[in-house]
Amino acid sequence: MSYFKHYKEFKCIHSTNPKICRLATQLTIDCKTNDQKARAIFEWMKKHINFGQLKLFKHPYPRTSLEILEDLEGLCDELTILFSSLALAAGLEVKWARLGRDRYGVKNDGHICSLYKGDDKNWHCVDATPYYAPFGFKIDHKDFTAHSIEELENQFRTWTEWVIQDAMYIGLPLAQLINAGPIYERAISENKGKTKLVYASLIPEHGEKGGEDCDASLIHFSARLYEVSEKEYRAYDKTPLELKIDYKISPSSITAEFFFHEWDEATKKQSLIFATDSWEKVPKDILNRYAEILKEVNRLKPFINKVLSEAKQVNAKRSREKKLFNQQEIIEKVIKSRIAT
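The numbers in the sequence shown follow the numbering used here, run straight up by one, and end at 342.
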């Protein structure tokens, strides 16, 4: 039996709010078939919904479909939630899929996407996450299991419990980072069927989920540059370029160490090519090679600074008090944010 006693206070994640219903109608009003409706919803999401959680401080994670629509961003589970809500409002039958291996045969069992019943009465995958979106409508993932919408609702509630439990130790925003991981992914160029993307994550150091090992004093940032094409997926462990930054936070200061990695085709692994504790010491040739990554990192600076500021406040409060938050205060904060609208 779950200790989280406030299920009934939460709006259903697959919202039937008029905003959801109106958008579904607008997108599918000229569609005659289920496939056309699903395609219209997918194409709108691909164009308008960003991948990430840069509006982390606005809503708790994971968000309801209405919150995802308001924020115009989400992670793979949230994109699945939004597609499902719009598709349901348009009269489609939907499920969700947990991947084993993707269309390239790459293991990706942490990923989920949508399923809808097409005009041929078969179930088809729809995946609007950036690294699959170029081929995301009726995408041919190799191995997945299908689940009902009700199961996704239950997973959402369990996930919320994990977030709340971690929030007791490091606060709600940092707990959401631990439980979500990626903060940003954006296609920066498309050429001859290939899409180049920058993927970024920002994760506090932590031990076992939900324990006192959660730590706001060390935060790991990573930004990767990679490519996908119809025939090839450049997996994260084969990323051509990667920048890692370790932020060390105390109640009074924040310091950083920078690590530049490149894929070594000879050894078939990532190699560290340069490390420094000062940005001014980075050679110009490395800065030039990493220019595309650094441009996207600059976009993320306001969000990163917010997270670092939050971590600094957590550490300062921890130094004054052994316990950060009362569990009931966290629960009420999450609930109030969801029932306010």
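Cβ coordinates follow ideal geometry from the N, Cα and C atoms, glycine included.
CB contact check: residue i to chain B, cutoff 8 Å
i, result
"LEU242", "No chain B appears in the structure shown, which is made up of a single protein chain."
Cβ-Cβ separation, residue j to residue i (assumed contact under 8 Å), whole Å
i, j, result
"VAL308", "PRO174", "7 Å"
"ASP141", "ALA134", "Actually they do not touch by this definition, with Cβ atoms about 14 Å apart."
"THR196", "VAL229", "5 Å"
"VAL1", "ILE294", "The structure shown does not extend to residue 1, since the chain is modelled only from 2 to 342, so the question has no answer here."
"SER272", "GLU266", "10 Å between Cβ atoms; not a contact."
Sequence-distant residues of the same chain with beta carbon closer than 8 Å to residue i, five excluded per side
i, result
"THR26", "ALA90, ALA91"
"GLU231", "PRO135, PHE136, GLY194"
"ILE287", "PHE261, ILE274, PHE275"
"ILE184", "GLY53, GLN54, LEU55, LEU57, LEU178, ALA201, SER202, LEU203, LEU301, PHE304"
"HIS148", "LYS96, TRP97, ALA98, ARG99"
Three-state secondary structure (DSSP) of residue i
i, result
"TYR170", "helix"
"GLU243", "strand"
"GLU263", "strand"
"THR17", "coil"
"THR196", "strand"
"ILE30", "coil"
"LYS270", "strand"
"PHE58", "coil"
"ARG235", "coil"
Contact set for residue i: own chain, Cβ-Cβ below 6 Å, skip 5 residues either direction
i, result
"THR256", "LYS249"
"PRO284", "none"
"LYS139", "HIS125"
"THR17", "none"
"GLU206", "ASP216, LEU219"
"TYR105", "TYR234"
"GLY172", "VAL315"
"LYS108", "ARG102"
Residues bridged to residue i [DSSP beta-bridge criterion]
i, result
"GLN52", "Reading off the sequence, residue 52 comes out as Phe, not Gln. DSSP lists GLY75, GLU186 as partners of PHE52."
"TYR117", "VAL95, HIS125"
"LEU67", "LEU67 is not bridged to any residue."
"ILE220", "PRO205, TYR248"
"ALA276", "PHE260"
"SER230", "LYS195"
"THR146", "ARG99"
Cut-off 7 Å between Cβ atoms - residues of its own chain near residue i, not counting five sequence neighbours on either side
i, result
"GLY211", "Residue placement at GLY211 is flagged as unreliable, the pLDDT there being 48, under the threshold of 50; the coordinate-derived value follows with that caveat. Hits under 7 Å: TRP163, GLN166, ASP167."
"ILE69", "GLY75, GLU79, ILE82, LEU83"
"CYS32", "LYS38, ALA41"
"LYS59", "ASP72"
Is there contact between the segment 39-51 and the segment 65-84, where contact requires at least three CB pairs shorter than 8 Å? yes
Would you say the segment 217-224 touches the segment 240-254, given that touching needs at least three Cβ pairs under 8 Å? yes
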